[in-house]
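**Q**
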Amino acid sequence: MAQQGDAPLVVFEGVRKSYDGRTDAVQALDFAVARGEFVTLLGPSGSGKTTTLMMLAGFEDPTAGRIVLDGRPINDVPAHRRGIGVVFQNYALLPHMTVAGNLSFPLEMRGVARAEREKRVAEALDMVRLGHLADRRPAQLSGGQQQRVALARALVFRPALVLMDEPLGALDKQLRERMQLEIRRIHRMLGVTVVYVTHDQGEALTMSDRVAVFDHGRIRQFAPPAEVYDEPADAFVASFIGENNALPGRIVARDDAWCSMALADGTTLRARCAPGLAPGDAAVLALRPERVLVGPEAWADNALEAELLETVYFGDHTRLRLRVGGHDEFVARLGFRDGLARPRPGDRIRLAWSAACCRALAPEPAE
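Per my numbering, numbering of the sequence shown is gapless, rising by one per residue and ending at 541.
Here it is as structure tokens:
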């Protein structure tokens, strides 16, 4: 976790990157990463997250601005002199070397004595629980084992900062989820600073102290996972992180942080209101499906009847698609309850949710 009171380990100051001199892949980034923090750069393909990581690693040069590592500007420091551990999606293990040889190699390049190398390699392999495979070659390992070796190699020379670029992208779902917890465990054990890139929202929420949500080369929101999920800064963040209902409408009244919003069919709902919205403004009501109460006991600030259009069974819950306020893509989740009749398409269903659980946001401009 972040060490309170310490100077940040990484600072981006007005960093911009353009590949063609006309379009910015990254636009004027200003942010800091605390020592010991696990920060995830999250966004769709082409949003600038990997370019940002590559500039920090030294594999790309900023067009403008300054990157500071441990109080020292590093724009002109080559990648191999930055002392940063890097883990890639394709593992990048040396196939002709054993597992132990792959871990020993970065220590040899740094002039570490043989006895110390052997000690550190053994410690790193124990850390990722692969000490019994030290003499295997990468081709003899499973994908998950290769990823653990790549992680151990990035940590074996004890860097203050480790960068990870989609490191779990090639793994199946179960293994990916196990590795998420493994990486988190190692991060907490060592206290190393991690900057992690992914397009997987669940991965970002599971692993991070803070998440930077990227879109078109800029950060839309940089906050702890719960805040990004429950308090999205704008309609893009609300729609990109997890599943979200986005009901279009218009603000009809505002009272400090609260507002009333009219949907297309005239239904009026109460919500928390984003800054800058005023009566008459177009808005989008953002609401998570799990916040919706379903059934006869559904009573809250916002209560209405909706037509059920489709059901999908997920085992622990049934996903309901409903028509709400003239909008046909409203989603709610119905958990298993003894004695509750399973609804069918065409049924009228009572829904409700608290005004505190939804947020009126400015709509995204059309591209």
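Think of the CB as a built atom: it goes at the ideal place given N, C-alpha and C, for glycine as much as any other residue.
Are A436 and R446 closer than 7 Å when you measure CB to CB?
**A** Contact: no.
**Q** Should M175 go down as buried or exposed, given a rule of 16 or more other Cβ atoms within 10 Å for buried?
**A** Unreliable positioning characterises M175 in this predicted model, as indicated by a pLDDT of 47, which lies under 50. A coordinate reading is not provided.
**Q** Mapping DSSP to helix, strand and coil, what is Q201?
**A** Q201: strand per DSSP, three-state reduction.
**Q** Once DSSP output is grouped into helix, strand and coil, what is the label at V498?
**A** DSSP places V498 in strand when its eight states are reduced to three.
**Q** Rounded to whole angstroms, what is the Cα-Cα separation between S192 and P218?
**A** Computed Cα separation, rounded: 18 Å.
**Q** Under 7 Å Cβ to Cβ from L267, same chain only, skipping five residues before and after it: list those, please.
**A** Excluding residues within five positions, the ones whose Cβ falls inside 7 Å are N276, P312, Q320, V323, A324.
**Q** Return helix, strand or coil for A472, following the three-state DSSP convention.
**A** Three-state result, A472: coil.
**Q** Could you tell me which of F388, W432, G450 sits nearest to D475, measuring between CA atoms?
**A** Among F388, W432, G450, the Cα nearest to that of D475 is on W432.
**Q** What span of residues does the beta strand (DSSP E) with N419 cover, start to end?
**A** 419-429 is the span of the beta strand (DSSP E), which, as asked, contains N419.
**Q** Which value, in whole angstroms, describes the spacing of the CA atoms of Q177 and G245?
**A** Residue confidence for Q177 is low, a pLDDT of 49 falling below 50, so the modelled location carries little weight; the figure read from the coordinates is stated next. Computed Cα separation, rounded: 16 Å.
**Q** Below 7 Å CB to CB, which residues in the same chain sit around R358 once its five sequence neighbours on both sides are set aside?
**A** Taken in chain order, the residues that qualify are M381.
**Q** Under the rule that 16 or more other beta-carbon atoms within 10 Å means buried, what is G509, buried or exposed?
**A** Exposed: under 16 other Cβ atoms inside 10 Å.
**Q** Contact check, Q263 vs A344 under 8 Å by CB: the rounded distance?
**A** With a Cβ gap of about 6 Å, Q263 and A344 count as contacting.
**Q** Can you give me the Cβ contacts of S528 inside the same chain, cut-off strictly under 7 Å, excluding the 5 residues immediately before and after it?
**A** Cβ within range, chain order: A474, D475.
**Q** Among A420, L227, A526, whose alpha-carbon lies nearest the alpha-carbon of L335?
**A** Nearest option by C-alpha distance: L227.
**Q** Are the Cβ atoms of V371 and L215 separated by less than 7 Å?
**A** Contact: yes.
**Q** Count Cβ pairs between the segment 452-472 and the segment 409-429 that sit closer than 8 Å; are there 3 or more?
**A** Touching, yes.
**Q** Tell me which same chain residues have a C-beta within less than 8 Å of the C-beta of M229, skipping the five on either side of it?
**A** So the qualifying residues of the chain are V189, K191, V200, D235, P236, I241.
**Q** By the 10 Å Cβ neighbour count, where 16 or more other Cβ atoms means buried, how is V486 classified, buried or exposed?
**A** Exposed is the call here.
**Q** Just the C-alpha distance for T331 and A238, rounded to the nearest angstrom, thanks.
**A** In the sequence as displayed, the identity of residue 331 is Phe instead of Thr. In a straight line, the C-alpha of F331 is about 31 Å away from that of A238.
**Q** When the distance is taken between beta carbons, is G520 closer than 7 Å to A438?
**A** No, Cβ-Cβ distance for A438 and G520 is not below 7 Å.
**Q** Here's a check: name, in chain order, each residue in its chain whose Cβ is nearer than 8 Å to the Cβ of R522, leaving out the five neighbours to either side.
**A** The answer, listed in chain order, is E479, A480, E481, L482.
**Q** Measuring only the C-alpha atoms, how far is K347 from G195?
**A** Near 40 Å, if we compare the C-alpha coordinates of G195 and K347.
**Q** Going residue by residue through the segment 208-254, where are the continuous alpha helix (DSSP H) segments of at least 4 residues, counting only ones entirely within it?
**A** Fully enclosed alpha helix (DSSP H) runs of 4 or longer: 223-231.
**Q** For F279 and A328, what's the separation of their Cα atoms in angstroms?
**A** Answer to the nearest angstrom: the Cα atoms are 11 Å apart.
**Q** Can you look up R518 in the DSSP assignment and give me helix, strand or coil?
**A** Residue state, collapsed to three classes: coil.
**Q** Is the beta carbon of L364 sitting closer than 7 Å to the one on I258?
**A** No; because the gap between Cβ atoms is not below 7 Å, this pair is not in contact.
**Q** Give the range of the alpha helix (DSSP H) segment to which R358 is assigned.
**A** It spans 347-364 - the alpha helix (DSSP H) in which R358 sits, taken as one unbroken run.
**Q** Taking C-alpha atoms, which residue in R497, A526, A460 lies nearest to P537?
**A** Here the closest residue by C-alpha is A460.
**Q** With a CB to CB cut of under 6 Å and the five nearest residues on each side skipped, what residues in its chain are close to V368?
**A** Closer than 6 Å at Cβ, skipping near neighbours: F212, V336, H361.
**Q** Using DSSP with H/G/I as helix, E/B as strand and the rest coil, what is C407?
**A** At residue 407 the sequence reads Ala, which differs from the Cys that was named. Correct three-state label for A407: coil.
**Q** Could you check how far apart the C-beta atoms of V261 and P333 are, in whole angstroms? I think they sit under 8 Å.
**A** Actually they do not touch by this definition, with Cβ atoms about 11 Å apart.
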